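Residue numbers for the sequence shown follow the working numbering, beginning at 10 and rising by one. A short worksheet on the structure shown next.
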Amino acid sequence: MLRTKASVEQLSNEVIEIRRVGKVTKGGKRLRFRVVVVVGDGEGHVGVGMGKSIEIPMAIQQAIRDAAKHMIEVPIVNGTIPHEVIGQFKAAQVLLKPAYPGTGVIAGRTVG
Numbered sequence: 010m011l012r013t014k015a016s017v018e019q020l021s022n023e024v025i026e027i028r029r030v031g032k033v034t035k036g037g038k039r040l041r042f043r044v045v046v047v048v049g050d051g052e053g054h055v056g057v058g059m060g061k062s063i064e065i066p067m068a069i070q071q072a073i074r075d076a077a078k079h080m081i082e083v084p085i086v087n088g089t090i091p092h093e094v095i096g097q098f099k100a101a102q103v104l105l106k107p108a109y110p111g112t113g114v115i116a117g118r119t120v121g
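Below, the structure is given as structure tokens:
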């Protein structure tokens, strides 16, 4: 876990996904919500977390706490990353490229 000066309340967060999931039991279906959240402090520390609960606000709070526990440091040089990075997980692939200062984020709706 990366220790930052910012507390959980000071981190900015963005909900990436809210999905209703279910478990079939002998008594019927048990529905819950799964939430994926990204948090960051704006100074190169980011984290991704997941939370589950029967209510969406509780799942979001769990996901924020989980993301704050699993933060990593992203090197930033002159407001951008220093080199190209490719990350993969199952069928998803993320490509991050350095950009000139002032370019902003060029990404899809989920990221931007």
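Idealized CB from N, CA, C, for every residue including glycine. As the structure is a computational prediction, the values presented were derived from the model and not from experiment.
Distance, Cα to Cα, residue i vs residue j?
i	j	result
isoleucine 81	glycine 111	24 Å
valine 44	phenylalanine 98	18 Å
arginine 39	valine 33	6 Å
leucine 105	isoleucine 95	6 Å
glutamate 23	histidine 92	25 Å
isoleucine 25	glycine 31	20 Å
glycine 36	valine 83	47 Å
Taking buried to mean at least 16 other C-beta atoms within 10 Å of its own C-beta, is residue i buried or exposed?
i	result
valine 86	exposed
isoleucine 115	exposed
histidine 54	buried
alanine 101	exposed
glycine 113	exposed
isoleucine 63	exposed
glycine 60	buried
Thinking just about the alpha-carbon of each residue, which of the options is nearest to the one in residue i?
i	options	result
glycine 56	Leu104, Gly113, Ala68 and Val17	Val17
methionine 67	Arg41, Glu52 and Pro84	Arg41
leucine 20	Gly31, Val83, Ile65 and Glu52	Glu52
Excluding the 5 residues preceding and the 5 following residue i in the sequence, name in chain order all residues of the same chain whose CB lies nearer than 7 Å to its CB.
i	result
alanine 108	Thr89
alanine 72	Val44, Val45, Val46, Gly58, Met59 and Gly60
glycine 117	none
Within a Cβ cutoff of 6 Å, which residues of the same chain sit near residue i, ignoring the five residues on either side of it in sequence?
i	result
arginine 28	Arg43
isoleucine 69	Val44
valine 103	Gly96
Skipping 5 residues on each side, what residues in its chain have a beta carbon closer than 8 Å to that of residue i?
i	result
isoleucine 65	Ile27, Phe42 and Val44
contact_flag[the region 41-48, the region 65-85] where n(CB pairs < 8 Å) is 3 or more: Three or more beta-carbon pairs drawn from the region 41-48 and the region 65-85 are found closer than 8 Å, and the two stretches are therefore classed as touching.
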